[in-house]
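I have placed the structure first, in the form of structure tokens, so that the comments after it can refer back to it.
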Amino acid sequence: MRAALKMAFVNILFNKMRSFLTMLGIIIGVVAVIMLVSIGQGASSNITSSIESMGAELLTVSITDEDVTVSASEIEEYLGDEIIKGVAPVLSASVTMKTGTSTTSQSIVGVTENYAEVYGTDVQSGRFIKTSDVEYRTQVCVIGVDVAGELFESYDVIGEEITLNDTVFTVVGLLKSSGSSQYGSGDDVILLPLSTAQRLSETTTVSQFYVAARGSELVERVESLLNITLYQLTRDEDAYTVYNQSSILDTMDDVTNTVALMLGGIAGISLLVGGIGIMNIMLVTVTERTREIGIRKAIGAKRRHILFQFLVEACVLSLLGGILGIGISLLGIEAYALIAGMSAAISWEVALLALGVCVVLGIAFGLYPANKASKLLPIDALRYV
5 MRAALKMAFV NILFNKMRSF LTMLGIIIGV VAVIMLVSIG QGASSNITSS IESMGAELLT
65 VSITDEDVTV SASEIEEYLG DEIIKGVAPV LSASVTMKTG TSTTSQSIVG VTENYAEVYG
125 TDVQSGRFIK TSDVEYRTQV CVIGVDVAGE LFESYDVIGE EITLNDTVFT VVGLLKSSGS
185 SQYGSGDDVI LLPLSTAQRL SETTTVSQFY VAARGSELVE RVESLLNITL YQLTRDEDAY
245 TVYNQSSILD TMDDVTNTVA LMLGGIAGIS LLVGGIGIMN IMLVTVTERT REIGIRKAIG
305 AKRRHILFQF LVEACVLSLL GGILGIGISL LGIEAYALIA GMSAAISWEV ALLALGVCVV
365 LGIAFGLYPA NKASKLLPID ALRYV
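Positions 5 to 389 (our numbering) are the ones given, in order, by the sequence shown.
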């Protein structure tokens, strides 16, 4: 084995450029597989963290039928206070916001005083929406830090004014920063009292509710009661949907794992192409070293010795390509995480699997050239010039 490895490295170093070009297919394949799978797993982890950050006790109710109306008080009445922490109806709409001389489109969210407790958000200065704000349709708002930075270039925004649909709103609170996720930025938001948002968007329909259970162990019970309650209120099981965080996580895991597997499979084709390149160059090597093979056989080398020598050389080429591919993948993933601003780390399970595949490819695609070399007759090989 030591002699075979030494001869393999000598021949690879003797033809450095040709060896590198041969390994390039393997390198590209390994880089593609590792980076795509690792980035996919990183995206899955970010999505999972975003969903989990909203709380394991949170459920989302969506009314999908426009002719159906359900109020938060009805849901609370049916479920009872012993198993739910609270119900928070939300209304999302797009309005026109004036800033100085420019006019832009801005998304707003109408909420009640329960939203902060149910959804798990809080203010870093000022106050949140109060019951009186909803009751009297006051023209106040709570904004995210991105909105504050963009409009006022400062976080000292309490008492500042924003014009939405030609109506002036006073900023009474600044939300704590919650960062960004695949669903958008939680800091680029304007919260209004629900009744005020309904008047501003000229609608009284609320099609989404957040419901918080009193404990994670009660989530399934609350979900079952929600389905029963909503069916009693609507008499149509297609008029609503209920989601909890675990079901969303399961769905997202299935989707991201499928996508990662598909991308990894596509990238794996590059490894096959690299293996074909190794077979091609090994056939050329056998032809170039025919005389060497004849001399070795003439002085006593057996067929298995020649077979083993060329098989080891093919495996070394493939393995070196895999190792270089892993090194480049490490740099590539670090660059991606820095540029994209997302967490991503190399999947060492996938890296080791790719390295194992490289060894298998070296054996599989090196076997035919090695077998061809081992079958050469000494007299024929010695005649070769």
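Just so it is clear, CB atoms sit at the ideal spot from N, CA and C, and this is done for glycine as well. Nothing here was measured: the structure is a model prediction, and the numbers come from that model.
Can you tell me whether G360 is buried or exposed? The criterion is at least 16 other CB atoms within 10 Å of its CB, across all chains shown. exposed
What is the DSSP secondary structure of T245, counted as helix, strand or coil? strand
Assess contact between the stretch 84 to 94 and the stretch 212 to 230, defined as three or more Cβ pairs (one per stretch) separated by less than 8 Å. Is contact present? yes
If you run the structure through DSSP and keep just helix, strand and coil, what is T174? strand
What beta strand (DSSP E) runs, 3 residues minimum, are completely inside the stretch 259 to 287? none
Any chance you could list the beta strand (DSSP E) runs of at least 3 consecutive residues sitting entirely within the stretch 141 to 169, in chain order? 144 to 147 and 165 to 168
From the DSSP output, in three-state form, read off F132 for me. coil
CB contact flag (Q143, T174, <9 Å): yes
In this structure, does DSSP put A217 in helix, strand or coil? strand
Since I believe V246 is in contact with S61 (beta carbons under 8 Å), could you give me their beta-carbon distance rounded to a whole number of angstroms? At residue 61 the sequence reads Glu, which differs from the Ser that was named. In fact, because the Cβ distance is near 14 Å, the residues do not count as touching under 8 Å.
Exposed or buried, which one is K2 when buried takes at least 16 other CB atoms within 10 Å? Residue numbering for the chain in the displayed model covers 5 to 389; residue 2 lies beyond these limits and cannot be assessed.
Measure how close the beta-carbons of A97 and I87 come, nearest whole angstrom, since I'm counting them as under 8 Å. No, A97 and I87 are not in contact; Cβ-Cβ is about 31 Å, not under 8 Å.
Using DSSP with H/G/I as helix, E/B as strand and the rest coil, what is I31? helix
Below 8 Å, how does it come out for the stretch 260 to 271 and the stretch 26 to 42: are there three or more Cβ pairs, yes or no? yes
Does DSSP classify A355 as helix, strand or coil? helix
V223 lies in the alpha helix (DSSP H); which residues open and close that run? V223 to T238
In the DSSP output, which residue or residues are listed as bridge partners for K102? T107 and T167
Beta-carbon proximity list for A120, same chain, < 7 Å, skipping 5 on both sides: D126 and F132
Between the C-alpha atoms of K20 and E154, what's the straight-line distance to the nearest angstrom? 56 Å
Does any residue of chain C bring its CB to less than 9 Å from the CB of S211? Of the protein chains in this structure there is only one, and it is not chain C.
Less than 8 Å between the CB atoms is what I'm expecting for M101 and L324, so what's the real figure, rounded? Actually they do not touch by this definition, with Cβ atoms about 59 Å apart.
Bridge partners - L62, DSSP secondary structure assignment: A216
Applying the criterion that 16 or more other CB atoms from any shown protein chain within 10 Å of the CB defines a buried residue, is G188 buried or exposed? Residue confidence for G188 is low, a pLDDT of 48 falling below 50, so the modelled location carries little weight and cannot support an answer.
Could you check if T135 is buried or exposed, using at least 16 other CB atoms within 10 Å of its CB as the buried criterion? exposed
When DSSP labels each residue in this structure, what does G304 get in the three-state scheme? coil
What is the rounded straight-line gap between the Cα of Y140 and the Cα of S199? 8 Å
Quickly, what does DSSP pair I67 with across the bridge? List them, please. Y244
Measure from the alpha carbon of Q110 to the alpha carbon of each residue in E296, L196 and M283, then state which is nearest. L196
Taking contact to mean 3 or more Cβ pairs, one atom from each stretch, closer than 8 Å, check whether the stretch 9 to 25 and the stretch 310 to 317 are in contact. yes
Are the CB atoms of S211 and T68 within a distance shorter than 9 Å? yes
Can you tell me whether DSSP reads K180 as helix, strand or coil? coil
Endpoints, alpha helix (DSSP H) assigned at I16: R6 to F18
Backbone secondary structure at K376 - three-state DSSP: helix
Measuring alpha carbon to alpha carbon, tell me which residue in P373, V226, L168 and V172 is nearest Y82. V226
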